[in-house]
Every structure is written in C-alpha cells, then in structure tokens.
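Written below as structure tokens is the structure these notes are about.
In my numbering, the protein residues as written are 10 to 150.
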C-alpha cells in the first residue's frame, strides 16, 4: 500500500506518493507537477486547475482563486472586509457567520443558487482532480 500526500496550497496543489526509495510528485493532465488552486464555472461545465486558470480573464466573475485565505474566517473579520474590493468574484456571509463565495455558471448552480461553503472547506473541491463525478460541498441559500 502506498502513502499519498496532498498539499492544498494558496496558489497551487501537489499530490505525492511515497514509493520504494523515495517520494514521487504526481503530474497532472498537463504534465505539470503542480496544479493551480483555481475553479471556474462555465455555462455547461466546471473547470479545475490549469483549465480554470486560463479563464481568469475571460470569465473573471465565475473563476475563483485565492480562496484559501478566506477558509474559516468570519465574514465580519477585518481582513475579509479589506479584501472584498480586490476580488472579481462575490463573497457573502453564510448562515454560520463564515465567509462564502458565490459560484454561478453551471445550470445546476444558477437554478439552485448555491454558495461554496466555508464550513466544509472549499479546498475539498479538490483542484487537483478534474473528475466530473467528484463530490463538491455546497451550502444551499
């Protein structure tokens, strides 16, 4: 059995496996060893990693990056207040008082008005994987 390590960083994510004689950092679908911590919601799909990073300019309102800085922070936190004006995407207060990020774009999200939940940890949306069947944690408004 192999041991797997996952680093969910502010800008990038890494996945490494401990194998006989050392540690191997796993390459993503672009043959890069690091994957951008970025998620983009389009009209028909969700992009994660490098594919999402390429949409930062063309789909800024629906592309979320740098979200780790808000993880576990109260919406009333002075840091959150100061950062609001610097963001292309919208942040909101969740029922728990924590900071959430509005994510629109896919028909499922638009119809139901979901928010990425700070409670369950938006890092768990896993920018290191592009599998469409992967569960995303959402909180309904």
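Glycine residues also receive a C-beta, built at the ideal position from the N, C-alpha and C atoms.
When the distance is taken between beta carbons, is residue j closer than 8 Å to residue i?
i: residue 34; j: residue 28; result: no
i: residue 11; j: residue 26; result: yes
i: residue 97; j: residue 69; result: yes
i: residue 8; j: residue 24; result: Beyond the ends of the chain as shown, which are 10 and 150, falls residue 8; an answer cannot be given.
Under the assumption that residue i contacts residue j (Cβ atoms under 8 Å), give the Cβ distance between them as a whole number of angstroms.
i: residue 46; j: residue 64; result: No, residue 46 and residue 64 are not in contact; Cβ-Cβ is about 14 Å, not under 8 Å.
i: residue 84; j: residue 106; result: 6 Å
i: residue 79; j: residue 44; result: Contact flag wrong, Cβ pair sits at about 20 Å.
i: residue 101; j: residue 111; result: 6 Å
i: residue 57; j: residue 73; result: Their Cβ separation, rounded to whole angstroms, is 10 Å, which puts residue 57 and residue 73 out of contact at 8 Å.
i: residue 50; j: residue 37; result: The pair is not a contact, with the Cβ atoms about 20 Å apart (cut-off 8 Å).
Helix, strand or coil for residue i? Go by DSSP, reduced to three states.
i: residue 61; result: helix
i: residue 30; result: coil
i: residue 39; result: coil
i: residue 14; result: strand
i: residue 67; result: coil
i: residue 19; result: coil
i: residue 52; result: coil
i: residue 25; result: strand
i: residue 127; result: With a pLDDT of only 45 at residue 127, under the threshold of 50, the placement of this residue in the model should not be trusted; the figure read from the coordinates follows. Reduced to three states, the DSSP call for residue 127 is coil.
Verify the contact flag: residue i, CB atom, against every heavy atom of the ligand FAD, threshold strictly below 7 Å.
i: residue 72; result: Looking at this structure, you won't find the ligand FAD or any other ligand, since it has none at all.
### alpha helix (DSSP H) segments (min. 4 residues) lying fully within the segment 70-113
Taken in chain order, the whole alpha helix (DSSP H) runs of length 4 or more contained in the segment 70-113 are 87-92.
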